[in-house]
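Enquirer:
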Amino acid sequence: MDVSIGLAATDSSTTEAMALLRDADDAMYLAKAIRGSVSVMSVRRGSIEVVELLAG
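Converting from the sequence shown to the working numbering requires adding 777 to each position, the first position being numbered 1.
Right, dumping it as structure tokens:
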């Protein structure tokens, strides 16, 4: 059994909840595409989005 996790975070208080949810959803689908038990974290820093693959 594989587990795919998508996480999202931001350092801005002005980020809308729907944008953060979309980032988490995108990260989850990226984790699913990689296959295996992995976690992907999307971090929004200002207007830049950084996507990190976390060891699973």
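Beta carbons are placed, not taken as given, at the ideal position from N, Cα and C, and that holds for glycine. Treat the numbers as computed from the prediction; the structure is a model and nothing was measured.
Where ILE811 and ASP803 are concerned, what is the direct C-alpha to C-alpha distance, given to the nearest angstrom?
Expert: So the alpha carbons of these two residues sit roughly 13 Å apart.
Enquirer: On the DSSP bridge assignment, give the partners of ALA783 in chain order.
Expert: The identity of residue 783 in the sequence shown is Gly, whereas the question assumes Ala. GLY783 is bridged to VAL817.
Enquirer: What span of residues does the alpha helix (DSSP H) with MET778 cover, start to end?
Expert: Unbroken run through MET778: none, as it is neither H nor E.
Enquirer: Between which two residues does the alpha helix (DSSP H) holding ASP800 run?
Expert: Per DSSP, ASP800 belongs to the alpha helix (DSSP H) from 794-811.
Enquirer: Are the Cβ atoms of LEU830 and VAL817 separated by less than 9 Å?
Expert: Closer than 9 Å, so yes.
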